[in-house]
Every structure is written in C-alpha cells, then in structure tokens.
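Each remark here refers to the structure printed beneath this line.
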Amino acid sequence: MTEADVDAVAEVRVRGWQSAYRGLMPPAYLEALSVAQDADRRREGFARRRPKAWELVAERSGEVVGWLAAGPARDADLAPGGGELPSGRSPAAELLALYVAPPLVGTGVGRALLDAGAARARARGFGTLSLWVVRGNARAQRFYERAGFAPDGAERSDDVAGWRVPELRYRRPLP
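All residue numbers for the sequence shown refer to our numbering, where the first residue is 2 and numbers rise by one.
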C-alpha cells in the first residue's frame, strides 16, 4: 500500500464494515461511517504507522479491491515480554484488518491477500498468525477456518455505539 491508495482503501474498508457487520453492529453507526472521514484519518496516520507493521492492497484492472494490515501481535499473552521462540522466530504476528470490496467477496481476493500477508509474516520471522473476528460473522469465521485458523479460546468485547460487540481470537502456525 502506498499513500496514493488511501482513498481507495477507505472505500474498501467502510463498505466492508457496512456489509460484514450488518446485524452485528448498530445500523445507524454503520450507515454513518464516512469514506471521506476514514480516508482523512488514514492519511493523517499513514506516516505514523506502527513500526514493523505492513499494509497490502489487492488490485484488479488497476483498482484497489482489497486491503490487509498486519504487524506484531498486540496481545501480551502471544508475545510475553517480547520474547523469542526457541527457533529464533518471534511468537506472533497479528492480522489487524482484511477487507475486500463487497461485490468481490468469495472470488479469491481475500485469500490472495491473506496468503501474501502470511508470507510476509513468515519472512519477518513470526511463528504464528493471530486475528480477532466478530462473533456471529459466520462468513469470516468460515473463511479463516478454511485457511487453517482455529479459535484459541480468547475472547474480548468492545462497545460500538452502545452495542456490545464480542470478538473471538483465532490463530494458526506459520510453517
């Protein structure tokens, strides 16, 4: 991803949220999401991204149709003390976001991004890839399970405009 992709990534992200989280988050909240505001926030933060994080885009015919963000795992139990595994590999990378333009869900774009993100994590020495998925997002859960991820028992919740939104953590080893 480059800074020139920010507007297109914001479009994919907002439309992805509006599609994926229908019924799982407040309708008014999802309807109020703004591509322009998301792009502004993304543009402001582009230069201040987390160290060691990476973002990838998928394109079709020169148009951005998917976006992935990943980096070192933020959960302390996956990287206790920032230690290393005996093999010298860092404990875990985290898939922070993966969105595909809604009309292209199920066409392989998401899987290509996931494979590229996992390859990048493996190349950077990570031994595991984790992610959080909203409970009830059955399509995402099936997607990740088909890709070799499994729930690891960790759960958390966030408040989104007054709705409790529970999430499950999934993990898979990186061979």
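Quick reminder that beta carbons are idealized off the backbone N, C-alpha and C, glycines included.
How many angstroms separate the CA atom of residue i from the CA atom of residue j?
{"i": "P176", "j": "R121", "result": "12 Å"}
{"i": "L114", "j": "W55", "result": "12 Å"}
{"i": "E32", "j": "G17", "result": "12 Å"}
{"i": "F47", "j": "D160", "result": "26 Å"}
{"i": "G163", "j": "G109", "result": "34 Å"}
{"i": "R137", "j": "A5", "result": "Inspection of the sequence shows that residue 137 is occupied by Gly rather than by Arg. Straight-line Cα distance between these residues: approximately 34 Å."}
{"i": "A155", "j": "L79", "result": "11 Å"}
{"i": "R172", "j": "D41", "result": "32 Å"}
{"i": "R143", "j": "E168", "result": "15 Å"}
{"i": "L25", "j": "R123", "result": "32 Å"}
So, helix, strand or coil for residue i, using DSSP?
{"i": "G17", "result": "helix"}
{"i": "L105", "result": "helix"}
{"i": "L25", "result": "coil"}
{"i": "R61", "result": "strand"}
{"i": "F47", "result": "helix"}
{"i": "R42", "result": "helix"}
{"i": "L130", "result": "strand"}
{"i": "R75", "result": "coil"}
{"i": "A117", "result": "helix"}
{"i": "A54", "result": "coil"}
{"i": "A151", "result": "strand"}
{"i": "A122", "result": "helix"}
{"i": "G163", "result": "coil"}
Which residues share a DSSP beta bridge with residue i?
{"i": "Y100", "result": "W68"}
{"i": "L34", "result": "DSSP lists no partner for L34."}
{"i": "E4", "result": "Paired residue(s): none; E4 is not in a bridge."}
{"i": "E168", "result": "V135, R157"}
{"i": "P174", "result": "T129"}
{"i": "A94", "result": "P73, L130"}
Looking at C-alpha atoms only, which residue of the options is the closest neighbour of residue i?
{"i": "R112", "options": "L57, A148, R140", "result": "A148"}
{"i": "A139", "options": "E45, R23, A48", "result": "R23"}
{"i": "V13", "options": "V106, F144, L25, R51", "result": "V106"}
{"i": "G118", "options": "A11, D41, G72", "result": "G72"}
{"i": "Y178", "options": "V15, M2, K53", "result": "Past the boundaries of the shown model lies residue 178; the chain is included only from 2 to 176, so the question cannot be answered."}
{"i": "A102", "options": "P174, R172, V58", "result": "V58"}
{"i": "R125", "options": "K53, S20, R43, M26", "result": "K53"}
{"i": "F150", "options": "P167, P174, E156", "result": "P174"}
{"i": "Y100", "options": "R170, P167, A141", "result": "A141"}
{"i": "D8", "options": "Q38, F144, E156", "result": "Q38"}
{"i": "A21", "options": "V135, A70, P167, R43", "result": "V135"}
{"i": "D116", "options": "A70, P104, S158", "result": "A70"}
{"i": "T3", "options": "W68, Y145, P27", "result": "W68"}
{"i": "D153", "options": "R75, D76, F127, R170", "result": "R170"}
Between the region 90-99 and the region 117-136, do three or more beta carbon pairs fall short of 8 Å?
-> Yes, the region 90-99 is in contact with the region 117-136.
Are there three or more Cβ pairs, one per stretch, closer than 8 Å when the region 24-43 is compared with the region 51-71?
-> no
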